[in-house]
C-alpha cells in the first residue's frame with residue numbers, strides 16, 4: 003500500500019476543525035485524486051481541553067506548532083495559527099527549511115513575508131500553497147496563477163471582506179447606521195470584538211497585495227496600498243448613491259497605469275447594473291479585466307469554516323499529488339519591482355457630499371472652486387431643508403443642507419485641493435464626504 007501523505011495542522015479554530023472533518027468525509031475521493039491516502043497525523047492548538055467535535059487522541063498533540071513543523075511524522079504543515087509574525091512565521095519557516103510543503107490561509111503573513119517564504123520554498127523544491135488566504139472558497143489564486151497565463155491583466159478589483167459587505171448591505175437595505183450594523187455583525191459572529199482590521203480596510207489590503215503580485219507578476223508591496231475604511235459611510239450616502247444609480251462597496255483595486263501599478267482599498271460607488279453591485283451580505287467577489295477573457299467575475303463565500311477549509315483541502319490534495327509550482331506564478335527572482343502609482347495621480351469620477359449652509363452664494367462658491375481646479379461636474383443635487391417655518395421667500399432656511407456633486411474624470415490631487423479650499427472658505431458645516439466611482 004502507498005504510504006499515506008501525512009499532514010500536521012497548526013491551529014484548530016473554526017477552519018482547522020473544518021479541515022479535519024472534510025478530510026475525513028472525503029478521504030476516499032481525495033485518496034483517488036492524490037494517488038495515496040491523506041492522513042492527519044499531528045495537531046497543535048493553544049487549548050487542548052476545548053471540545054472540537056472529534057477525538058484529539060487520534061492525533062499526535064503538540065503544544066508548540068514549531069515542534070509540529072519539525073516532526074519527522076509530518077510531510078505537510080497546514081498553518082492556521084494566524085498573525086504576520088511570531089508562531090505563524092516560525093512554524094512556516096521551520097517547515098519549509100526542513101523541506102516540508104506548507105498550506106496556509108494566512109494573508110497577513112503572506113503580505114509581509116510572502117516573498118522570503120516563497121524563496122525558501124523554491125530553494126527546497128516544496129510547495130507554499132495559499133488558496134484560502136484570499137476570498138475563502140473562491141478559487142481566485144488558482145485562477146490567476148494557473149488559469150490566465152495567456153492573458154495580460156489590466157485591472158483587478160473585488161469585494162474581499164465579508165464583514166464590510168454585510169454592514170454596507172444592511173445599511174443600504176434597512177437604512178441603519180454603521181454602528182448599528184456593526185453591533186449586529188458582532189452578535190452574529192461576522193465581526194470581531196475589535197473590528198478595526200476589517201472595517202478600516204487592512205484585511206482587504208493584505209488580500210489585495212497577494213492578488214496584485216499574481217495578476218501583474220510583481221513583488222508584493224503591501225506598503226504601496228492606499229487604505230480607507232467604511233466607518234465614515236452614512237445612510238444618506240447609501241441613499242444618494244441609490245438615487246444616482248450606484249451602490250457603495252468596499253473594494254480592493256489594482257490597476258496598470260502609465261505611472262505604475264495602482265493599489266487602493268476604499269469605499270467605492272459602482273453602477274447598480276454591474277455584476278459586483280449585485281453581491282450582497284457576507285459574499286465575496288473578484289473581477290479580472292484582461293485582454294483575452296475581457297471580464298471575468300468570480301463570486302462565492304469569502305469566509306466561514308467550511309468555505310475556507312474547502313480551499314485548504316484543495317491545496318493539500320494538490321501538494322499530495324506532487325504539485326510544487328512557484329508560489330506567485332513565477333520564480334521570486336523574476337517578479338518585477340513595479341513602480342508605485344501615487345494615489346494623488348489616480349483619475350476617475352468622484353461623489354462629493356458637502357453639508358453647506360442654505361444661503362445665497364454657497365453653490366456658486368463651490369462651483370467656482372471646482373472650476374479653478376479644472377474639475378468638470380456631471381451633476382449637482384441639492385437636498386433642501388424641509389423646515390418650512392424657517393424658510394425665506396426663496397425657499398432657503400439657512401440651515402445645513404446636503405449638496406452632492408458627481409464629477410467627470412478628475413485627479414485625486416485636484417479633488418483634494420478643491421475640497422480643502424471649499425472648507426477654507428467656510429462654506430461647509432461638516433467635514434466633506436468623498437467617495438470614488440469605479441465604472442465598468
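Numbering (the numbering used here), first residue to last: 3 to 442.
Note that the Cβ used here is the ideal one computed from N, Cα and C, for glycine as well.
Residue i to residue j span [Cα, whole Å]
i	j	result
residue 311	residue 108	12 Å
residue 97	residue 243	49 Å
residue 63	residue 46	6 Å
residue 78	residue 330	19 Å
residue 202	residue 6	44 Å
residue 367	residue 272	29 Å
residue 137	residue 29	25 Å
residue 389	residue 401	Bear in mind that the predicted position of residue 389 carries a pLDDT of just 48, short of 50, making it unreliable; the figure below should be weighed with that in mind. If you take the alpha carbons of residue 389 and residue 401, they lie about 9 Å apart.
residue 128	residue 326	5 Å
residue 403	residue 279	28 Å
residue 88	residue 112	13 Å
residue 134	residue 207	16 Å
residue 301	residue 161	9 Å
residue 376	residue 321	55 Å
residue 255	residue 157	7 Å
residue 70	residue 8	12 Å
residue 333	residue 316	22 Å
residue 205	residue 359	38 Å
residue 82	residue 15	8 Å
residue 385	residue 95	58 Å
residue 56	residue 23	8 Å
residue 168	residue 17	20 Å
residue 364	residue 175	33 Å
residue 38	residue 199	40 Å
residue 40	residue 313	16 Å
Exposed unless 16 or more other CB atoms sit within 10 angstroms - verdict on residue i
i	result
residue 197	buried
residue 73	buried
residue 440	buried
residue 240	buried
residue 3	Note that residue 3 scores 49 on pLDDT, short of 50, meaning its location in the model is unreliable and no value can be drawn from it.
residue 189	exposed
residue 177	exposed
residue 373	exposed
residue 336	exposed
residue 67	buried
residue 125	exposed
residue 19	buried
residue 75	exposed
residue 257	buried
residue 277	exposed
residue 223	buried
residue 422	exposed
residue 103	buried
residue 209	buried
Start and end residues, beta strand (DSSP E) containing residue i
i	result
residue 264	262 to 273
residue 402	402 to 409
residue 384	379 to 385
residue 64	62 to 64
residue 248	248 to 259
residue 280	No beta strand (DSSP E) holds residue 280; DSSP gives it neither H nor E.
residue 43	40 to 46
residue 286	285 to 292
residue 296	296 to 303
residue 27	Note, residue 27: premise wrong, no beta strand (DSSP E); alpha helix (DSSP H) at 16 to 27.
N- and C-terminal bounds of the alpha helix (DSSP H) containing residue i
i	result
residue 201	198 to 201
residue 208	204 to 218
residue 167	164 to 176
residue 96	88 to 99
residue 77	Element bounds for residue 77: n/a, residue is neither H nor E.
residue 307	307 to 323
residue 103	Residue 103 -> not in any alpha helix (DSSP H); beta strand (DSSP E) instead, spanning 103 to 106.
residue 7	Segment 7 to 12 is the beta strand (DSSP E) holding residue 7; no alpha helix (DSSP H) there.
residue 37	Careful: residue 37 lies outside any alpha helix (DSSP H) and carries neither H nor E.
residue 351	Where residue 351 is concerned, there is no enclosing alpha helix (DSSP H), although the beta strand (DSSP E) it sits in stretches over 349 to 359.
Pair within 8 Å by beta-carbon distance, residue i and residue j
i	j	result
residue 164	residue 299	no
residue 132	residue 106	yes
residue 149	residue 110	no
residue 153	residue 295	yes
residue 323	residue 26	no
residue 58	residue 319	no
residue 408	residue 425	no
residue 159	residue 252	no
residue 166	residue 263	no
residue 406	residue 355	yes
The ligand NAP heavy atom lying under 7 Å from the CB of residue i
i	result
residue 141	This structure lacks the ligand NAP; in fact it carries no ligand of any kind.
Take every Cβ of the segment 340 to 360, pair it with every Cβ of the segment 401 to 415, and state whether three or more of those distances are shorter than 8 Å. The segment 340 to 360 vs the segment 401 to 415: in contact.
Looking at C-beta atoms only, is the number of pairs between the segment 261 to 274 and the segment 218 to 230 that lie closer than 8 Å three or more? yes
Between the segment 204 to 222 and the segment 134 to 145, do three or more beta carbon pairs fall short of 8 Å? yes
Stretch-stretch touch, CB-based, cutoff 8 Å, three pairs: the segment 118 to 127 with the segment 35 to 52: Not touching, per the Cβ criterion.
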